[in-house]
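Residue numbers (our numbering): 1123 to 1221. Just so it is clear, CB atoms sit at the ideal spot from N, CA and C, and this is done for glycine as well. The structure appears below as structure tokens.
Next comes the structure, spelled out in structure tokens:
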């Protein structure tokens, strides 16, 4: 089990996501925890410049008013559910022609 506090403390100074995960423990166990911490705003990264990847610098956020997600998403980002057409998502069409 990954200790969330330890995982966050590793990123007190900005580190690439992959190397920081390796400092915590087994990367395959740590990465889901780090993604959760990024999503919840306890860790930050720059999503404006580049897509999230193994070399993305990640750091602990001390000021929760300045989160990575609030900087990365424009104020006009639509709600996913309200952005869907009223009839919902169209069903995928199957193959056509003789089988």
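Host beta strand (DSSP E) of residue i (start-end)
{"i": "residue 1165", "result": "1165 to 1167"}
Alpha helix (DSSP H) segment containing residue i, residue limits
{"i": "residue 1152", "result": "1149 to 1162"}
{"i": "residue 1130", "result": "1126 to 1131"}
Residue(s) in a DSSP beta bridge with residue i
{"i": "residue 1181", "result": "1166"}
{"i": "residue 1136", "result": "Answer is none; residue 1136 lacks a bridge partner."}
From the options, residue whose alpha carbon lies closest to that of residue i
{"i": "residue 1126", "options": "1169, 1138, 1177 and 1157", "result": "1157"}
{"i": "residue 1162", "options": "1136, 1135, 1178 and 1183", "result": "1183"}
Proximity test, residue i beta-carbon vs the ligand NAD heavy atom, cut-off 7 Å
{"i": "residue 1132", "result": "Absence of the ligand NAD from the depicted structure is noted, as is the absence of any ligand whatsoever, leaving it without description."}
When the Cβ atoms of the region 1144 to 1152 are set against those of the region 1162 to 1174, are three or more pairs found closer than 8 Å?
-> no
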